[in-house]
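Participant: Protein chains in written order, with the numbering used here: chain W, 29 to 278; chain U, 4 to 403. Here it is: the structure, laid out below.
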């Protein structure tokens, strides 16, 4: 796709743009992390020095093994946010269970939001719906429901789409679901974290070898670490959108 | 995908039929060939080269071109057969073609199974515990394979041929009506399309969901193509060439292009008024969204304006590779699906870097051209073969 070419070029030409603090291997082009919509609740929470985040997701929001949860991106997000926001108490809670469709996650969403009262809900979904060939219209409706529930509960939303998984691409038709997530995000002014494109860019650049890596758990942990970093960057940067103009001119 | 115009022209055709459509419209072959290349490029998952394909710059993609031209050529070829041999013979030939496509689909499914069985077997990665659920795919081969034979289970990117089978299977009565009352047939098709949207009709798929290309909706483009072939294009020509329509088409294509850019550069999305995004999304590919039809029609209007039928370059060597692919579209299409599987296999097992994407894409198109040239050569030999063409007069146009 055109964007991918632009990204590869940008990533090659503009090394290190805006990401001084994070590992070099997480590098992606800047427009990959465009802050399209402000996160007012997050801005308020940071101003109050107490930021709660809830990650709602399925199997790709965790890793297998005894240390899986610590190596997965929600835990990495907490670390990165804590570093990026000195003086703010950051707490990332998770509601992650494998094999859940968006509709199944929405069922327990209210309870999870009430229990954790986050300023931000990060919602990873799409893969299981694609695997089970859920009706795309129904999938869109479910996304809208979830966003409404989160906003009613006083949380901003970031949507996270499917992973880039080269081996299963001819088995799982992600296309329609990825499109739906993109469109729902634009329509409802919700930030989309395009995990698929970011991981694909890493594949193109050779940053990560998803199919042939020798130590697969190590590779998986590094991928999750990068996703945690980039999400933290997205959160801390997006807040600036909501700040008054005078602070932008540094 | 239907037999190409004139290619199966009966040797002993009626003398009064001959002048009706003498010159083959090479534009049909050219654009169908190009569509086949684009479909191939789009079908290799995550192919970096697919950034050149039209789906990235607007609402419609190569599928619309392919379905429209297939309807056009089907009407052209079988319409003449209906003239010469009547409804029954022409209808039988259409169904025979549908059967050939069914066999091709089953063959491709076997290739797909082989690839999946291999990939699943060697697939073990902590990053993809969720995706590894696809291992269950082969857990119930009895059900899976039967559902595939019933066209209810269709693997990724194997949706076009089943659509085509259904479109051809009900084409004989449609063609009959198109030839008697073209406007009525077109209106009936449009009404069916509208009712499909209104009531949400579709064919169920397995294990759940619906057909990715809803035949009840996509039939409209096919019938519209057929209608154009049977004189509709002449009726429309005054409109197609009017400056107003061309201006509207340019405006619409620009609009679609701007919207498409917001998909790749999210920051641009803030320039799109809210009522616009609320109106256009979701752009429904399953049910052939009106936005997609309009985009295809705009492309067609501009193309016809730039590329007249008598354009001399159509006969040059430059366009020959695409034209020969378009002339043998079923073979080329099936090979393209097969090559897309193979290309994906190379990406996952050998290298997934950019140079490999380019190499696989170029090599795939070269193989498609070579194969189409081979088929063309072979069909030429068969036509000139030892068997006297007059031996089977009734089937001269339907031979394999």
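Backbone N, C-alpha and C fix where the C-beta goes; we use that ideal spot for every residue, glycine too. Predicted model, so just to flag it, every value in this text is computed and none were measured.
Suppose the cutoff is 8 Å on Cβ atoms and the five residues either side in sequence are ignored; what does the same chain contact list for residue 304 (chain U) look like?
Facilitator: As a working note, residue 304 (chain U) is residue 301 in the second chain. Here the set comprises 243, 248, 249, 252.
Participant: How many whole angstroms separate the CB atoms of residue 224 (chain U) and residue 291 (chain U), which I take to be in contact at a CB cut-off of 8 Å?
Facilitator: Position 221 of the second chain, counted from the start, is the residue given in the question as residue 224 (chain U). Position 288 of the second chain, counted from the start, is the residue given in the question as residue 291 (chain U). Yes, they are in contact, since the Cβ atoms of residue 224 (chain U) and residue 291 (chain U) sit about 6 Å apart, within 8 Å.
Participant: Taking 7 Å as the cut-off, is the CB of residue 242 (chain W) close to at least one heavy atom of the ligand HEM?
Facilitator: Absence of the ligand HEM from the depicted structure is noted, as is the absence of any ligand whatsoever, leaving it without description.
Participant: Does any CB atom of chain W fall closer than 8 Å to the CB of residue 285 (chain U)?
Facilitator: As a working mapping, residue 285 (chain U) is identified with position 282 in the second chain. Yes, contact with chain W.
Participant: For residue 245 (chain W), collect the residues of the same chain with a Cβ closer than 7 Å to its Cβ; drop the 5 residues on either side in sequence, then sort them by chain order.
Facilitator: Position 217 of the first chain, counting from 1, holds the residue named residue 245 (chain W). Closer than 7 Å at the Cβ level, and outside the excluded window around residue 245 (chain W), lie 93.
Participant: So is residue 312 (chain U) buried or exposed if we call it buried at 16+ other beta carbons inside 10 Å?
Facilitator: The count along the second chain starts at 1 and reaches residue 312 (chain U) at position 309. Exposed is the call here.
Participant: Taking Cβ positions, are residue 233 (chain W) and residue 54 (chain W) nearer each other than 8 Å?
Facilitator: What you label residue 233 (chain W) is simply residue 205 of the first chain in a count that begins at 1. What you label residue 54 (chain W) is simply residue 26 of the first chain in a count that begins at 1. No.
Participant: State the DSSP-derived secondary structure class of residue 207 (chain W), mapped to helix, strand or coil.
Facilitator: Working through the first chain from its first residue, we reach residue 207 (chain W) at position 179. Helix at residue 207 (chain W).
Participant: Exposed or buried, what is residue 121 (chain U) when buried is set at 16 or more other beta-carbons lying within 10 Å of its beta-carbon?
Facilitator: Here the question's residue 121 (chain U) lines up with position 118 in the second chain. The residue is exposed, with fewer than 16 neighbouring Cβ atoms inside 10 Å.
Participant: So, under 8 Å CB-CB, residue 228 (chain U) and residue 61 (chain U) are touching, yes? Tell me the CB distance rounded to an integer number of Å.
Facilitator: Position 225 of the second chain, counted from the start, is the residue given in the question as residue 228 (chain U). Position 58 of the second chain, counted from the start, is the residue given in the question as residue 61 (chain U). Their Cβ separation, rounded to whole angstroms, is 19 Å, which puts residue 228 (chain U) and residue 61 (chain U) out of contact at 8 Å.
Participant: Mapping the DSSP letters down to three states, classify residue 54 (chain U) as helix, strand or coil.
Facilitator: Here the question's residue 54 (chain U) lines up with position 51 in the second chain. It is helical.
Participant: Going by beta carbon distance, what residues of the same chain come within less than 8 Å of residue 25 (chain U), once the five residues before and after it are set aside?
Facilitator: Indexing the second chain from 1 puts residue 25 (chain U) at position 22. With a pLDDT of 47 at residue 25 (chain U), under the threshold of 50, the predicted position of this residue should be treated as unreliable, and no value is reported.
Participant: Using CA coordinates, which residue listed in U:102, U:55, U:193 is at the minimum distance from residue 171 (chain U)?
Facilitator: Locating residue 171 (chain U) in the second chain gives position 168, counting from the first residue. When only C-alpha atoms are compared, the closest one is U:102.
Participant: Report the three-state DSSP secondary structure of residue 235 (chain U) (helix, strand or coil).
Facilitator: The residue you call residue 235 (chain U) lines up with position 232 of the second chain. In the structure shown, residue 235 (chain U) sits in a helix (DSSP, three-state: H, G or I).
Participant: Give the interface partners of residue 385 (chain U) over in chain W, defined as CB-CB distance under 9 Å, in chain order.
Facilitator: The residue labelled residue 385 (chain U) in the question sits at position 382 within the second chain. Per Cβ cutoff of 9 Å: no residues; residue 385 (chain U) is ~35 Å from chain W at best.
Participant: Could you compute how far the alpha carbon of residue 327 (chain U) sits from the alpha carbon of residue 36 (chain U)?
Facilitator: Numbered from its first residue, the second chain carries residue 327 (chain U) at position 324. Numbered from its first residue, the second chain carries residue 36 (chain U) at position 33. Computed Cα separation, rounded: 7 Å.
Participant: Along chain W, in chain order, which residues have C-beta atoms closer than 7 Å to that of residue 218 (chain U)?
Facilitator: Your numbering for residue 218 (chain U) matches position 215 in the second chain. None at all; the shortest Cβ gap to chain W is about 17 Å.
Participant: Among U:338, U:112, U:177, which one has its Cα closest to the Cα of residue 42 (chain U)?
Facilitator: Position 39 of the second chain, counted from the first residue, corresponds to residue 42 (chain U). Measuring from the Cα of residue 42 (chain U), the nearest candidate turns out to be U:338.
Participant: Give a yes or no on whether the minimum CB-CB distance between residue 260 (chain U) and chain W is below 8 Å.
Facilitator: In the second chain, residue 260 (chain U) corresponds to position 257, counting from 1. No, residue 260 (chain U) lies away from the interface with chain W (no Cβ there is under 8 Å from its Cβ).
Participant: Let me know the alpha helix (DSSP H) ranges lying completely inside the segment 149-235 of chain W, each 4 residues or longer, listed in chain order.
Facilitator: Here the runs fully enclosed are 155-159, 164-180, 203-215, 223-233.
Participant: Just list the residues that DSSP pairs residue 123 (chain W) with in beta bridges.
Facilitator: Sequence index remark: in the first chain, residue 123 (chain W) carries index 95 (1-based). Per DSSP, W:84.
Participant: Hey, residue 137 (chain W) and residue 175 (chain W) are a contact pair by Cβ (cut 8 Å); roughly how many whole angstroms apart?
Facilitator: Position 109 of the first chain, counting from 1, holds the residue named residue 137 (chain W). Position 147 of the first chain, counting from 1, holds the residue named residue 175 (chain W). That pair is no contact at about 10 Å.
Participant: Could you confirm whether any beta carbon from chain U is found closer than 8 Å to the beta carbon of residue 156 (chain W)?
Facilitator: Mapped onto the first chain, residue 156 (chain W) falls at position 128. For residue 156 (chain W), the answer is yes, since a Cβ of chain U falls inside 8 Å of its Cβ.
Participant: Just checking: is the beta-carbon of residue 231 (chain W) within a distance shorter than 8 Å of some beta-carbon in chain U?
Facilitator: For the purposes of this step, residue 231 (chain W) is taken as the residue at position 203 of the first chain. It does; some Cβ of chain U falls within 8 Å.
Participant: Anyone know if the C-beta pair for residue 260 (chain W) and residue 99 (chain W) falls short of 8 Å?
Facilitator: What you label residue 260 (chain W) is simply residue 232 of the first chain in a count that begins at 1. What you label residue 99 (chain W) is simply residue 71 of the first chain in a count that begins at 1. No; because the gap between Cβ atoms is not below 8 Å, this pair is not in contact.
Participant: Contact check, residue 346 (chain U) vs residue 363 (chain U) under 8 Å by CB: the rounded distance?
Facilitator: The residue labelled residue 346 (chain U) in the question sits at position 343 within the second chain. The residue labelled residue 363 (chain U) in the question sits at position 360 within the second chain. Yes, they are in contact, since the Cβ atoms of residue 346 (chain U) and residue 363 (chain U) sit about 4 Å apart, within 8 Å.
Participant: Which full runs of the alpha helix (DSSP H) of 4+ residues lie inside the segment 300-332 of chain U, going along the chain?
Facilitator: For the segment 300-332 of chain U, whole alpha helix (DSSP H) runs of length 4 or above, ordered along the chain, are 323-330.
Participant: Within 10 angstroms of the Cβ of residue 129 (chain W), are there 16 or more other Cβ atoms? Answer buried if so, exposed if not.
Facilitator: Working through the first chain from its first residue, we reach residue 129 (chain W) at position 101. By the neighbour-count rule (16 or more Cβ atoms within 10 Å), residue 129 (chain W) is buried.
Participant: As a quick exercise: from W:167, W:202, W:147, W:162, pick the residue whose alpha carbon is nearest that of residue 183 (chain W).
Facilitator: Residue 183 (chain W) sits at position 155 when you count from the first residue of the first chain. Among W:167, W:202, W:147, W:162, the Cα nearest to that of residue 183 (chain W) is on W:147.
Participant: Could you say which of W:159, W:158, W:133, W:164 lies nearest to residue 149 (chain W) if we only look at CA atoms?
Facilitator: Numbered from its first residue, the first chain carries residue 149 (chain W) at position 121. Nearest C-alpha to residue 149 (chain W): W:133.
Participant: Along the segment 150-182 of chain W, what residues have a CB closer than 9 Å to any CB found in chain U?
Facilitator: From the segment 150-182 of chain W, only 155, 156, 159, 160, 161, 162, 163, 164, 165, 168 have a Cβ closer than 9 Å to chain U.
Participant: Could you tell me the boundaries of the alpha helix (DSSP H) in which residue 97 (chain U) lies?
Facilitator: Looking up residue 97 (chain U) in the second chain gives position 94. Note, residue 97 (chain U): alpha helix (DSSP H), 65-124.
Participant: Report yes or no: is there a C-beta of chain W within less than 8 Å of the C-beta of residue 124 (chain U)?
Facilitator: Reading the second chain from its first residue, position 121 is the one you call residue 124 (chain U). So no, residue 124 (chain U) is outside the interface.
Participant: Does the count of Cβ pairs from the segment 267-280 of chain U and the segment 198-209 of chain U closer than 8 Å reach three?
Facilitator: Counting Cβ pairs under 8 Å, fewer than three are found: no touch.
Participant: Which residue's Cα is closest to the Cα of residue 220 (chain U): U:232, U:238, U:193, U:236?
Facilitator: The residue you call residue 220 (chain U) lines up with position 217 of the second chain. The candidate whose alpha carbon is nearest that of residue 220 (chain U) is U:193.
Participant: Sort out for me which residues DSSP pairs residue 118 (chain W) with in a bridge.
Facilitator: Taking the first residue of the first chain as position 1, residue 118 (chain W) is located at position 90. Paired residue(s): W:79.
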